[in-house]
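As structure tokens, the structure follows; a few thoughts come after it.
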Ligand code: AMP
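Residue numbers (the working numbering): 287 to 567.
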């Protein structure tokens, strides 16, 4: 497994792979890797001859007062996980490599970024779109994999790739959960034992909503109220949003007559957790 830190070297590696006719699969991450990331790598391994994983905690997707400085990092563990997942290259650039002096370009995906997490994190998806576009230009993938856990992010990237005619196939990978239902996240490390118990209310709420949906409930209001009730029983949980949206436009819907995503964000202690399920016939 190679570790590449410079943009030029990464581009040269990818160019050489492409000229040998190899298909490049790419998994962008912010490190502190877990089984959710590993699943993306497994899928990538199947789809590409060369598997590149980036580890870069991107400063521009964190807002003021968010957890950029405190975001967990563990290089040795990450490198080990990548090696055992069969990764060929870890691309681990510095912020100076990615954001050169005088940098002044941005990418705005204007509509699907407005709702859900975009309300409380108004600059987040601009940071995400930009860094992903830059990482694509460094690693030159044929296919890139993203988790459905960050559903809005996946929609934003799909939109950007389409709008900018990027010749890259985007694959969404279902959310990987702990045995008790908690969606895996690097930020779960912020949770105390008690908070972790409370955090189970997120997946419990979503499972209950899915059950009701399967029994024929189509009112978003009813499903949202059910989920809120389950989560709000937990003293340390502060619900930021629970919403039901169209899976492409991410606009709120009242009656679920088309495929929908039920998405939520909840603050538990210091951790802001997100989760979602897709509701469709
Ligand atoms: P992050 O390191 O949190 O930026 O995540 C990197 C990629 O892994 C993103 O595409 C995430 O959606 C994906 N990911 C994170 N957690 C999970 C999970 N529990 N299941 C599936 N994919 C995940």
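Note that CB positions come from ideal geometry on N, CA and C, so glycine has one too.
Please determine whether the Cβ atom of residue 306 lies at a distance below 8 Å from any heavy atom of the ligand AMP. Numbered from 1 along the chain shown, position 20 holds the residue referred to as residue 306. Residue 306: no, Cβ never under 8 Å from the ligand AMP.
Tell me, to the nearest whole angstrom, how far the beta carbon of residue 293 is from that of residue 383; I am working on the premise that it is less than 8 Å. Residue 293 sits at position 7 when you count from the first residue of the chain shown. Residue 383 sits at position 97 when you count from the first residue of the chain shown. Contact between residue 293 and residue 383 holds, with the beta-carbon distance rounding to 5 Å and staying under 8 Å.
What are the start and end residues of each continuous alpha helix (DSSP H) run of 4 or more residues lying completely inside the segment 316-400, in chain order? DSSP runs (the alpha helix (DSSP H)) wholly in the segment 316-400: 321-333, 361-370 and 381-384.
Cut-off 6 Å between Cβ atoms - residues of its own chain near residue 469, not counting five sequence neighbours on either side: Counting from 1 along the chain shown, the entry for residue 469 is found at position 183. Around residue 469: 435, 461, 463 and 561.
Who pairs with residue 447 in a beta bridge, going by DSSP? Working through the chain shown from its first residue, we reach residue 447 at position 161. Looking at the DSSP assignment, residue 447 forms no beta bridge with any residue, so it has no partner.
Kindly give me the distance between the Cβ atoms of residue 330 and residue 337, rounded to whole angstroms, as I take these residues to be in contact under 8 Å. Here the question's residue 330 lines up with position 44 in the chain shown. Here the question's residue 337 lines up with position 51 in the chain shown. Right, the Cβ-Cβ distance comes to about 5 Å (below 8 Å), so this counts as a contact.
Between residue 406 and the rest of its own chain, which residues show a CB-CB distance below 7 Å, the 5 nearest in sequence each way excluded? As a working note, residue 406 is residue 120 in the chain shown. Closer than 7 Å at the Cβ level, and outside the excluded window around residue 406, lie 526.
Beta-carbon distances below 6 Å to any heavy atom of the ligand AMP define the shell here; list its residues in chain order, please. The set of residues with any CB-heavy atom separation to the ligand AMP below 6 Å comprises, in chain order, 315, 316, 322, 323, 325, 326, 432, 433, 435, 436, 459, 461, 462, 469, 470, 471 and 472.
Of the residues 402, 317, 410 and 385, which one's Cα is nearest the Cα of residue 394? Mapped onto the chain shown, residue 394 falls at position 108. Comparing Cα positions, the closest option is 410.
One question on the structure: do residue 440 and residue 551 come within less than 9 Å of each other, judged by their Cβ atoms? If you number the chain shown from 1, residue 440 lands on position 154. If you number the chain shown from 1, residue 551 lands on position 265. The answer is no: Cβ separation not under 9 Å.
Does residue 558 pass the burial test, meaning 16 or more other C-beta atoms within 10 Å, or should it be called exposed? Along the chain shown, one-based indexing puts residue 558 at 272. Counting other Cβ atoms within 10 Å of its Cβ, residue 558 reaches 16 or more and is therefore classed as buried.
Residue span of the alpha helix (DSSP H) that contains residue 522, given as start and end: By one-based count along the chain shown, residue 522 stands at place 236. Note, residue 522: premise wrong, no alpha helix (DSSP H); not H, not E.
Those runs of the alpha helix (DSSP H) which lie wholly inside the segment 462-517 and span at least 4 residues: Unbroken alpha helix (DSSP H) stretches of 4 residues or longer found wholly inside the segment 462-517: 479-500, given in chain order.
Assign residue 538 to one of three DSSP states: helix, strand, or coil. Here residue 538 refers to the residue found at position 252 of the chain shown. Looking at residue 538 - three-state DSSP - the assignment turns out to be strand.
Excluding the 5 residues preceding and the 5 following residue 428 in the sequence, name in chain order all residues of the same chain whose CB lies nearer than 6 Å to its CB. Reading the chain shown from its first residue, position 142 is the one you call residue 428. Only residues of its own chain outside the window of five on either side were considered, and among them 309 and 310 have a CB closer than 6 Å to the CB of residue 428, listed in chain order.
Environment of residue 519 [buried if 16+ CB atoms lie within 10 Å]: Against the chain shown, residue 519 aligns to sequence position 233. Using a 10 angstroms sphere on the CB of residue 519, the tally of other CB atoms stays under 16, which defines it as exposed.
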